[in-house]
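J.: Take a look at this one; I'll ask things after.
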Amino acid sequence: MVPVTGPGNRLDPWINAYASRARGMTASEIRALFAVASRPEVVSLAGGMPYVSALNLDALADTVSDLVRNQGAYALQYGSGQGDITLRDQIGEVMAEVGINAHPDDIVVTTGSQMALDLVTRVFCDPGDAVFVEAPSYVGALGVFRAYECTVIHVPMDDQGLQPGALDEAITAARLRGLRPKMIYTIPSFHNPAGITQGPARRHEILSVAQRNGLLLLEDDPYGLLGFDDVGFGDKPPRAIRADDADGVVYLGSFSKTIASGLRVGWAVAPHGVREKLVLAAEAAVLCPSNYAQMTISSYLSTQPWRQQIKVFTETYRERRDALLNALDQHMPVGTTWTTPAGGFYSWLTLPEGLDATAMLPRAIAALVAYVPGTGFYVDGSGRQHMRLSYCYPEPDRITEGVRRLAGVIEDELQLSHTFGTSHTLTRPEGPATPAPDLQ
Amino acid sequence: MHIVVLSGGLSPERDVSLRSGRRVAEALRASAPDWEISERDIDANLLDHLASIAPECVIPLVHGSAGEDGAILDVLRCLQVAYVGSAPDSCRLAFDKTVAKALVRRAGLETPESISLPHSTFRELGAGGIITALVTKLGLPLMIKPTRGGSALGASVVHRAEDIPAALVGAFAYCDVALIERFIIGTEVAVGIIDTGTGPRALPAVEIQPDSGFYDYAARYTAGTTEFFVPARLDEATTEAAAQVAVAAHTALGLRDWSRADMIIDTHGVPWFLEVNVAPGMTETSLVPQALSAANIDMGDIMRELVNAAIARQ
């Protein structure tokens with residue numbers, strides 16, 4: 025060997041300049057596999073993409089056309105950091121459906137509720153602060169909490185969602201560890217990824233835990249209006265936790281699932297002091313949300329039968345949920361279980377003992393079916409025996425075919441497991457550092 | 093002149109392939125501004141598309157099966173379309189690591205001792221006994237990987253016998269046959285081969301030092317996580333030996349136009365052939381582009397020469 029004086033080439037001159045929070049941002053096998061999942065040959069039960077084709081696109085086109093023609097000079101200009109006042113008024117009307125009575129001044133419009141999640145975390149959390157989340161939890165939220173270097177603590181769920189007793193214990197334990205508990209993040213309705221909904225009593229219990237411990241409750245509710253079955257609220261959508269506490273809860277809402285995800289319009293409802301800081305943080309981040317997107321939503325809400333459209337979406341998703349559940353009943357091997365969602369987009373599947381959904385993904389992609397492995401919904405590598413199945417986008421017959429393929433893959437994996445008595449574990453943990461669209 | 097760069101496909105290396113294709117297409121556009129260069133994925137409309145535009149040449153950069161196992165090349169041959177790269181039969185030999193190792197061994201090259209077994213053999217004979225026999229025969233550590241596939245997907249280095257079952261399951265996730273290979277401790281090196289009609293010539297060797305110790309998928313495609321030395325920090329004799337191994341493997345497998353041989357240089361300076369790639373990665377972090385750059389060869393210029401050679405061959 026000949027010694028060389030200089031260093032080698034790392035192909036990235038900034039490698040030593042990145043912040044420590046960028047350390048986990050690496051290429052991964054899982055993301056490589058998702059590149060195939062977007063192909064039409066693959067039945068993707070992975071992505072949580074709303075079925076926007078169910079919209080009246082002709083009417084929407086007219087709305088957009090009128091908007092640009094008649095109000096283009098305003099729509100294409102910068103706007104207010106807090107968001108358009110007309111839209112904020114209308115958001116109040118939408119939130120009344122889940123029992124929230126909020127003044128437009130308490131609402132901050134954001135670029136999707138993902139941005140609201142980012143702003144709240146930015147305003148509340150210092151590095152190391154403890155954030156309590158469901159086990160499992162939304163991958164996009166975990167990515168935000170990780171980006172702000174929070175200590176994420178998963179709390180178990182049961183068939184009513186986040187367990188209040190376990191939450192209380194986790195908060196106490198965190199304090200004993202010297203951590204500073206800061207907020208509780210929950211998706212109470214039609215949970216992503218678990219497909220579980222908190223009933224009225226459970227919501228009160230969780231709110232009580234938050235109040236007793238002096239923690240902010242961050243309520244993420246993108247699916248609240250997309251219910252199929254009664255989960256304890258009669259024929260109304262589940263009542264938001266924020267409806268019962270305007271001071272201790274920040275509520276996140278979104279038009280991504282009820283109108284169009286591509287417009288990227290969401291919002292936060294926050295107590296006055298918090299709202300002030302969210303607006304300042306939003307202005308620092310993006311100056312203002314898109315006027316054009318806000319006004320498109322606003323025009324849609326004022327000219328189109330949006331409640332009727334939500335019913336169309338709900339019926340579409342109910343039919344697909346039923347197709348998924350029927351196919352799972354018909355095809356899945358013994359030992360496989362899954363949740364029965366009463367609304368929303370997802371069911372959470374548990375594999376037979378010993379199987380690993382992450383290890384199985386290449387085989388599934390080769391069989392032309394995709395899902396999201398459970399590990400993406402935990403910060404600590406848990407969830408290997410689970411996967412999220414999304415039924416919102418494929419047509420019912422494609423869902424049936426996808427489940428049939430998936431069942432075959434699980435059968436093959438059971439054979440491998442019997443042969444070797446183990447599953448493969450990827451050498452690198454597949455965390456949620458950089459959420460992909462397929463993981464939303 | 094219309095050139096089609098084929099990339100994408102349905103393999104787990106789809107994303108890598110798309111990036112390779114984009115980079116090659118851009119380089120070729122810069123080098124041959126009077127040529128029309130288009131990029132195309134593999135799908136059910138591909139044949140109609142090729143028939144409608146009648147390209148003078150295709151550059152297949154589809155990684156993984158279908159791309160590197162010769163299947164698409166056979167279709168191009170049926171269509172009588174010129175393409176850059178090896179003949180389909182040679183690709184089949186090269187893409188299967190077991191077959192490639194056997195052929196280069198016959199040609200007199202060193203390659204680590206290995207055994208290839210399908211899942212069915214473990215199931216029928218019992219995994220425990222076979223694993224014991226493998227460790228007795230090959231020792232530890234072991235490299236376990238799918239016999240077909242690239243980008244180190246499903247590949248693991250195993251230091252303890254109890255970790256072998258998990259590594260085998262990982263390999264079987266990508267392919268029904270696993271290659272279990274004695275792990276050679278040494279310096280990992282890749283040598284690109286270019287042949288524009290005057291015979292295969294080796295590019296400067298690229299030495300690979302991943303921070304994690306294993307050149308896995310993340311180390312390959314995350315800029316900054318691997319340190320490369322081009323040319324490799326080898327003495328003159330070892331450099332020459334590595335180049336000879338790459339050329340000999342290229343020749344023994346009947347390859348043409350271009351390839352990339354991966355090898356380990358052991359502590360005595362002996363190059364051990366590991367595998368060869370008939371559609372080398374051409375992404376921002378890939379090895380052949382680094383070797384071309386070290387040799388002061390413009391990627392677009394060399395692709396133009398390879399295209400001209402392919403057309404002349406047709």
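Protein sequence lines, in the order shown, are assigned to chains L and C. Per the working numbering, the first sequence runs over residues 25 to 464. Per the working numbering, the second sequence runs over residues 93 to 406. All residues carry an ideal CB built from backbone N, CA and C; glycine is no exception.
I'd like to know if R408 (chain L) contacts chain C, where contact means its C-beta is closer than 8 Å to some C-beta of that chain.
T.: no
J.: Using a C-beta cutoff of 8 Å, does M411 (chain L) count as contacting chain C?
T.: no
J.: Report the neighbours of D107 (chain C) on chain L: residues whose CB is nearer than 7 Å to its CB, in chain order.
T.: A56 and A59
J.: Can you tell me whether E170 (chain C) is buried or exposed, with buried defined as 16 or more other CB within 10 angstroms of its CB?
T.: According to the sequence shown, residue 170 (chain C) is Cys rather than Glu. Taking a 10 Å sphere around the C-beta of C170 (chain C), we find fewer than 16 other C-beta atoms and assign the residue as exposed.
J.: Taking the alpha-carbon of H342 (chain C) as reference, which of C:C149, C:G241, C:S304 and C:R197 has the nearest alpha-carbon?
T.: C:R197
J.: With 16 as the cutoff for other CB atoms within 10 Å, does Q101 (chain L) come out buried or exposed?
T.: exposed
J.: For H155 (chain C), count neighbouring C-beta atoms within 10 Å of its own C-beta (all shown protein chains included) and say buried if the count is 16 or more, exposed if not.
T.: buried
J.: Taking 7 Å as the cut-off, is the CB of L347 (chain C) close to at least one heavy atom of the ligand GTP?
T.: By its list of ligands, the structure shown contains no ligand whatsoever, and the ligand GTP lies outside what it can speak to.
J.: Taking G277 (chain L) as part of the beta strand (DSSP E), name the residues at either end of that continuous run.
T.: Segment V273 to S278, the beta strand (DSSP E) holding G277 (chain L).
J.: Any chance the region 134-153 of chain L sits against the region 113-123 of chain L, with 3 or more Cβ pairs inside 8 Å?
T.: Pairwise C-beta distances place the region 134-153 of chain L out of contact with the region 113-123 of chain L, as fewer than three of them are shorter than 8 Å.
J.: What is the DSSP secondary structure of P453 (chain L), counted as helix, strand or coil?
T.: Here P453 (chain L) scores only 44 on pLDDT, less than 50, and its place in the model should not be relied on; the value that follows carries that caveat. Note: P453 (chain L) maps to coil in three-state DSSP.
J.: State yes or no: is the beta carbon of A391 (chain L) nearer than 8 Å to at least one beta carbon in chain C?
T.: No, its Cβ sits nowhere closer than 8 Å to a Cβ of chain C.
J.: Count the other C-beta atoms from every protein chain shown that fall within 10 angstroms of the C-beta of L463 (chain L), then say buried if there are 16 or more, exposed otherwise.
T.: The predicted model places L463 (chain L) with a pLDDT of 47, which falls under 50 and marks its position as unreliable; any figure quoted below should be read in that light. Counting Cβ neighbours within 10 Å, L463 (chain L) comes out buried, since at least 16 surround it.
J.: Among L:L352, L:E117 and L:C149, whose alpha-carbon lies nearest the alpha-carbon of R204 (chain L)?
T.: L:C149
J.: Tell me the DSSP secondary structure of R342 (chain L) in three-state form.
T.: helix
J.: Can you list the residues of chain C that F444 (chain L) reaches, using a CB-CB cut of under 8 Å?
T.: F214, A219, P257, A258, L260 and V261
J.: Show which residues of chain C have a CB atom less than 8 Å away from the CB atom of S52 (chain L).
T.: In chain order: Y309 and A310.
J.: Could you confirm whether any beta carbon from chain C is found closer than 8 Å to the beta carbon of A41 (chain L)?
T.: For A41 (chain L), the answer is no, since every Cβ of chain C falls outside 8 Å of its Cβ.
J.: Helix, strand or coil for F369 (chain L), going by three-state DSSP, please let me know.
T.: In the structure shown, F369 (chain L) sits in coil (DSSP, three-state: anything other than H, G, I, E or B).
J.: Could you tell me which chain L residues have their CB closer than 9 Å to the CB of G373 (chain C), listed as they occur along the chain?
T.: Result: empty, since nearest Cβ-Cβ is about 12 Å, beyond 9 Å.
J.: Smallest Cα separation from T279 (chain C): which of C:G113, C:D327, C:R252 and C:Q382?
T.: C:D327
J.: Can you tell me which of the three DSSP states Q301 (chain C) falls into?
T.: strand
J.: In the structure shown, what three-state DSSP assignment does V250 (chain C) receive?
T.: strand
J.: Could you give the distance in angstroms between the alpha-carbon of D308 (chain C) and the alpha-carbon of Q301 (chain C)?
T.: 11 Å
J.: What residue range is occupied by the uninterrupted beta strand (DSSP E) comprising V318 (chain C)?
T.: Note that residue 318 (chain C) is Thr in the sequence shown here, rather than Val. Counting along the chain, the beta strand (DSSP E) containing T318 (chain C) begins and ends at T318 to F321.
J.: For A388 (chain L) and A99 (chain L), what's the separation of their Cα atoms in angstroms?
T.: 45 Å
J.: In this structure, how does DSSP classify A51 (chain L) when only helix, strand and coil are distinguished?
T.: coil
J.: Give a yes or no on whether the minimum CB-CB distance between Q336 (chain C) and chain L is below 8 Å.
T.: no
J.: Since G272 (chain L) contacts L302 (chain L) with CB under 8 Å, what's their CB separation in whole angstroms?
T.: Contact doesn't hold; Cβ gap of about 16 Å is too wide.
J.: To the nearest angstrom, report how far apart A163 (chain C) and V173 (chain C) are at their CA atoms.
T.: 14 Å
J.: Would you say Q138 (chain L) faces chain A, with C-beta separation under 8 Å as the test?
T.: In the structure shown, chain A cannot be found, because the protein chains are L and C.
J.: Along chain C, which residues have their Cβ under 7 Å away from the Cβ of R422 (chain L)?
T.: Here the premise fails: no neighbours, minimum Cβ distance about 17 Å.
J.: According to DSSP, simplified to helix, strand and coil, what is S104 (chain L)?
T.: coil
J.: The region 263-285 of chain C: which residues have C-beta closer than 7 Å to a C-beta of chain L, in chain order?
T.: Within the region 263-285 of chain C, contact with chain L at the beta-carbon level (separation under 7 Å) is assigned to F264, A265 and Y266.
J.: Run through chain C and tell me which residues come within less than 9 Å of M384 (chain L), C-beta to C-beta.
T.: Simply A265.
J.: Leaving out five residues before and five after Y395 (chain L) in sequence, what residues of the same chain have Cβ atoms less than 6 Å from its Cβ?
T.: Only residues of its own chain outside the window of five on either side were considered, and among them L69, A70, M411 and L413 have a CB closer than 6 Å to the CB of Y395 (chain L), listed in chain order.
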